[in-house]
Amino acid sequence: MAEERNARNHPVLQLTLMRLRELRREPGTLFWVFGFPILMSIALGLAFRSTGPEPIRVGVLPGVSAEVTGALTAGGVTVKVLDEGLARNELRAGRVAIVLVPPASGTGALGYRYDDKRPESRLGRAVVDDILQRAAGRHDPRAVQDELVRERGARYIDFLIPGLIGMNLMSGSMWGIGWVLVNMRVRKLLKRLLAAPMRRRHLMYAQALARLVMIPIEMVVILVFARLAFDVRMAGSWPALALVSVTGSASFAGLAILVASRAQNSETVSGLMNLVMLPMFVLSGVFFSSDHFPAFMQPAINALPLTALCNSLRAVIIDGAGIAGIAGSLAVMAIWGVISFVVGLRLFRWG
Amino acid sequence: MQAEAAQSEPAVSCRGLRKIYDARRGSAVVAVDGLDLEIRRGECFGLLGPNGAGKTTTVEILEGILEPSAGAVELLGMSWARDDVRLRERIGVALQETRLPERLTVTEVLNLFRSFYRRSRPVAALLADVELGEKSGAWVGKLSGGQRQRLAIACALVGQPDILFLDEPTTGLDPQSRRQLWELVLRFRGGGGTVVLTTHYMEEAERLCDRVAIIDHGRIIKEGSPAELIRGLGAAHVIEFKLEDGAAALAERELLALPAVTGARLSEDGMCALTVSEPARALPALIGLCSGRGAALGRLETRHATLEDVFVTLTGRHLRDG
Numbered sequence: 001m002a003e004e005r006n007a008r009n010h011p012v013l014q015l016t017l018m019r020l021r022e023l024r025r026e027p028g029t030l031f032w033v034f035g036f037p038i039l040m041s042i043a044l045g046l047a048f049r050s051t052g053p054e055p056i057r058v059g060v061l062p063g064v065s066a067e068v069t070g071a072l073t074a075g076g077v078t079v080k081v082l083d084e085g086l087a088r089n090e091l092r093a094g095r096v097a098i099v100l101v102p103p104a105s106g107t108g109a110l111g112y113r114y115d116d117k118r119p120e121s122r123l124g125r126a127v128v129d130d131i132l133q134r135a136a137g138r139h140d141p142r143a144v145q146d147e148l149v150r151e152r153g154a155r156y157i158d159f160l161i162p163g164l165i166g167m168n169l170m171s172g173s174m175w176g177i178g179w180v181l182v183n184m185r186v187r188k189l190l191k192r193l194l195a196a197p198m199r200r201r202h203l204m205y206a207q208a209l210a211r212l213v214m215i216p217i218e219m220v221v222i223l224v225f226a227r228l229a230f231d232v233r234m235a236g237s238w239p240a241l242a243l244v245s246v247t248g249s250a251s252f253a254g255l256a257i258l259v260a261s262r263a264q265n266s267e268t269v270s271g272l273m274n275l276v277m278l279p280m281f282v283l284s285g286v287f288f289s290s291d292h293f294p295a296f297m298q299p300a301i302n303a304l305p306l307t308a309l310c311n312s313l314r315a316v317i318i319d320g321a322g323i324a325g326i327a328g329s330l331a332v333m334a335i336w337g338v339i340s341f342v343v344g345l346r347l348f349r350w351g
Numbered sequence: 352m353q354a355e356a357a358q359s360e361p362a363v364s365c366r367g368l369r370k371i372y373d374a375r376r377g378s379a380v381v382a383v384d385g386l387d388l389e390i391r392r393g394e395c396f397g398l399l400g401p402n403g404a405g406k407t408t409t410v411e412i413l414e415g416i417l418e419p420s421a422g423a424v425e426l427l428g429m430s431w432a433r434d435d436v437r438l439r440e441r442i443g444v445a446l447q448e449t450r451l452p453e454r455l456t457v458t459e460v461l462n463l464f465r466s467f468y469r470r471s472r473p474v475a476a477l478l479a480d481v482e483l484g485e486k487s488g489a490w491v492g493k494l495s496g497g498q499r500q501r502l503a504i505a506c507a508l509v510g511q512p513d514i515l516f517l518d519e520p521t522t523g524l525d526p527q528s529r530r531q532l533w534e535l536v537l538r539f540r541g542g543g544g545t546v547v548l549t550t551h552y553m554e555e556a557e558r559l560c561d562r563v564a565i566i567d568h569g570r571i572i573k574e575g576s577p578a579e580l581i582r583g584l585g586a587a588h589v590i591e592f593k594l595e596d597g598a599a600a601l602a603e604r605e606l607l608a609l610p611a612v613t614g615a616r617l618s619e620d621g622m623c624a625l626t627v628s629e630p631a632r633a634l635p636a637l638i639g640l641c642s643g644r645g646a647a648l649g650r651l652e653t654r655h656a657t658l659e660d661v662f663v664t665l666t667g668r669h670l671r672d673g
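Protein chains in written order, with our numbering: chain V, 1 to 351; chain E, 352 to 673.
As structure tokens, this is what we get:
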């Protein structure tokens with residue numbers, strides 16, 4: 001009494017189904033896959049929402065003439081009269097951009113007290129000086145005209161959403177493959193599968209296939225949410241986005257197999273994974289542009305797979321770049337993926 | 352389905368099997384130390400020994416999961432090096448401990464394992480084999496220990512194996528689940544299958560096994576049917592006794608001089624075990640010896656000799672001591 005194997009019972013299909021069923025039946029993972037990135041984008045989107053230019057706040061010490069404060073108020077600047085101690089606190093806390101100090105007897109020069117390392121203080125100084133000099137009768141010889149634009153894609157949330165997608169693709173592959181494989185090893189399930197006539201490569205194909213099923217779902221959920229909540233729009237082509245996401249995921253799948261290749265318990269693999277992922281969260285421009293790091297670090301940062309993924313996601317989603325425009329990043333991700341996969345598979349311990 | 356000639360080949364044979372762990376780091380541990388085995392088709396063969404004796408390493412080498420450091424293994428006339436794929440389809444394996452995916456149902460797990468075989472038993476037949484029909488839709492995580500173990504065996508039976516390997520199949524199970532599992536093994540053997548199992552329960556070995564090999568420190572120290580091994584003690588009964596506190600101990604020489612006594616073993620806690628061919632002759636003599644000394648018997652028991660006694664006689668240690 002035996003049945004021949006049929007197409008519905010192909011090992012890769014059954015192994016993929018195992019992975020997807022476990023995922024679906026584990027409520028915790030659903031939160032990390034879908035809930036977490038959405039909560040993150042809500043929180044950061046609210047914190048950094050663009051609500052038009054903030055008014056410039058100026059502190060004024062007693063003794064500054066009413067003429068000066070009047071001119072500033074008329075120029076659209078918020079003026080606060082503060083005593084010496086309070087002025088110091090407010091300046092330090094950034095609640096005023098600059099403090100005006102009454103002229104020292106004799107010199108007649110109005111004092112500008114501000115921190116020249118702070119962009120908002122420098123802006124405050126420029127605006128205050130401009131208003132006061134004009135009020136004092138300065139004439140600007142060159143005629144200029146302001147032309148205002150409101151470009152979509154320039155907001156922080158536009159920058160953030162591709163970063164969150166990149167981060168999510170990375171975590172999805174690392175946890176979804178690396179942690180799962182180690183867990184199977186700890187439970188001796190890997191060994192049991194090997195004792196059956198299972199091909200090793202089928203198990204790996206199944207991990208990849210399960211990711212391929214999950215990626216579009218993860219991406220669509222975040223993109224739809226970003227569109228509805230923040231009006232983040234997709235500028236580029238869907239095939240380009242699909243290519244970037246799959247390449248990025250494959251790259252991290254390789255890293256996941258490498259990280260999982262020897263670990264004998266889930267604590268070790270969690271530690272190793274955080275060791276790989278946390279530096280990239282900071283360096284690779286998920287939350288802020290990696291351009292902020294010094295120039296000597298840039299080559300190393302640009303060689304990281306998450307940098308390549310975030311950059312290419314932004315290029316496609318915000319700038320509408322085509323595949324040619326992201327070829328370099330795709331190559332970086334592919335190299336990481338291939339090398340770590342080959343090494344990982346060689347080191348991989350089944351028992 | 353195989354030719355006559357192939358059927359006459361042993362189910363399992365291995366010669367000079369050795370497994371050395373961690374040889375590179377200098378602290379080599381010899382888990383299996385020159386082991387020869389020949390297991391016939393249709394028999395249930397037990398590897399009996401304490402924890403750490405090398406039973407699991409041995410079966411995992413036979414199952415083709417571990418590479419031996421030295422020695423040759425043949426299963427059904429095939430070797431792992433040449434016939435891995437073909438051989439794997441013909442054996443069934445239940446490892447000492449496998450935690451199957453907790454959030455899959457029993458049916459899903461069986462279908463997963465069925466997918467690895469070109470020909471496999473239908474799920475319904477497997478469920479009937481291991482009496483898990485009612486649990487077909489239950490998550491593995493919700494099964495009891497005995498049910499999980501029966502599922503593990505169903506996974507091993509998926510490909511209609513010729514040889515079934517069971518590593519400590521009943522460790523940690525309650526007596527009822529254990530008996531249920533024994534019946535399962537006996538049914539498989541009754542259908543002509545070969546069973547190789549490891550255990551440190553001598554009762555299990557006596558109930559299930561046609562032949563056992565007693566393993567200690569990676570070597571076979573005795574091999575034969577349970578009845579033969581017990582007969583090898585020269586006596587089928589054991590008298591265990593302990594003298595009341597304060598009584599002067601009896602010398603081994605005096606005990607061996609008693610009629611029908613073939614062996615005497617004194618343990619540190621004051622218990623004394625005699626292997627005895629005829630308790631009816633030995634007991635009165637023992638009581639006579641004690642009362643002649645004025646030493647009162649504190650405890651006295653007679654029972655049939657077991658494989659445990661064989662092991663203790665051979666090694667001076669108990670199976671559970673490890």
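Quick reminder that beta carbons are idealized off the backbone N, C-alpha and C, glycines included.
{"Query": "P361 of chain E at chain V interface by Cβ criterion, 8 Å", "Result": "no"}
{"Query": "For G614 of chain E, the residue or residues it bridges with in DSSP", "Result": "E:T626"}
{"Query": "Rounded C-alpha distance that separates V663 of chain E from K370 of chain E", "Result": "25 Å"}
{"Query": "Nonlocal neighbours in the same chain, by C-beta distance under 6 Å from V221 of chain V, ignoring five residues either side", "Result": "F34"}
{"Query": "Counterpart residues of A421 of chain E in DSSP-defined beta bridges", "Result": "E:R369"}
{"Query": "Minimum Cβ-Cβ distance from T522 of chain E to chain V less than 8 Å", "Result": "no"}
{"Query": "Three-way DSSP call (helix, strand, coil) for I131 of chain V in this model", "Result": "helix"}
{"Query": "Beta-carbon spacing of L255 of chain V, W336 of chain V below 8 Å", "Result": "yes"}
{"Query": "Strand pairing of K573 of chain E, partner residues [DSSP]", "Result": "E:I565"}
{"Query": "8 Å Cβ cut-off: residues of chain V touching R470 of chain E", "Result": "A2, E3, E4 and R5"}
{"Query": "First and last residue of the uninterrupted beta strand (DSSP E) at R57 of chain V", "Result": "R57 to V60"}
{"Query": "Beta-carbon proximity check, L451 of chain E vs G415 of chain E, cutoff 8 Å", "Result": "no"}
{"Query": "Y114 of chain V beta carbon near the ligand ADP (any heavy atom closer than 7 Å)", "Result": "The ligand ADP is not part of this structure, which contains no ligands at all."}
{"Query": "Range of the contiguous alpha helix (DSSP H) that encloses C560 of chain E", "Result": "Careful: C560 of chain E lies outside any alpha helix (DSSP H) and carries neither H nor E."}
{"Query": "Own chain, CB closer than 6 Å to E448 of chain E, minus 5 neighbours either side, in chain order", "Result": "none"}
{"Query": "C-beta contact flag for R540 of chain E and F396 of chain E at 8 Å", "Result": "no"}
{"Query": "Nonlocal neighbours in the same chain, by C-beta distance under 7 Å from A354 of chain E, ignoring five residues either side", "Result": "Annotation note: pLDDT 44 at A354 of chain E (below 50); position unreliable, no value reported."}
{"Query": "Residue from E:G667, E:G428, E:A578 and E:P526 whose Cα sits closest to the Cα of E389 of chain E", "Result": "E:G428"}
{"Query": "Opening and closing residue of the alpha helix (DSSP H) in which Y205 of chain V lies", "Result": "R200 to F230"}
{"Query": "G351 of chain V: contacting residues in chain E (beta-carbon distance under 9 Å)", "Result": "E411, I416 and L417"}
{"Query": "Test: E120 of chain V CB closer than 8 Å to a CB of chain E", "Result": "no"}
{"Query": "Boundaries of the beta strand (DSSP E) in which I442 of chain E is found, first to last residue", "Result": "I442 to A445"}
{"Query": "Neighbour list for Q511 of chain E in chain V, Cβ cutoff strictly below 7 Å", "Result": "A2"}
{"Query": "Given G328 of chain V as reference, the closest of V:E147, V:A303, V:L15 and V:G45 once Cα atoms are compared", "Result": "V:A303"}
{"Query": "Assigned secondary structure, Y156 of chain V (DSSP; H/G/I helix, E/B strand, else coil)", "Result": "helix"}
{"Query": "Stretch-stretch touch, CB-based, cutoff 8 Å, three pairs: the segment 630-643 of chain E with the segment 603-622 of chain E", "Result": "yes"}
{"Query": "Alpha-carbon to alpha-carbon, L20 of chain V and V332 of chain V", "Result": "29 Å"}
{"Query": "Pairwise C-alpha distance: R113 of chain V and R314 of chain V", "Result": "40 Å"}
{"Query": "Members of the segment 7-41 of chain V that neighbour chain E once the beta carbon cut-off is set at 8 Å", "Result": "N9, H10, P11, L13, Q14, L15, L17, M18, R21, E22, R25 and E26"}
{"Query": "Extent of the continuous alpha helix (DSSP H) to which L243 of chain V belongs", "Result": "W238 to A260"}
{"Query": "Residue of E:V380, E:I638, E:L386 and E:S378 minimising C-alpha distance to G367 of chain E", "Result": "E:L386"}
{"Query": "As assigned by DSSP and simplified to three states, the class of F296 of chain V", "Result": "helix"}
{"Query": "Those runs of the beta strand (DSSP E) which lie wholly inside the segment 51-120 of chain V and span at least 3 residues", "Result": "57-60, 78-81, 98-101 and 111-113"}
{"Query": "Length of the line joining the Cα atoms of M352 of chain E and D513 of chain E", "Result": "At M352 of chain E the pLDDT is 44, less than 50, meaning the model places this residue with poor confidence and gives no usable figure here."}
{"Query": "Proximity below 8 Å, CB of V410 of chain E to CB of D518 of chain E", "Result": "yes"}
{"Query": "I38 of chain V - DSSP class collapsed to helix/strand/coil", "Result": "helix"}
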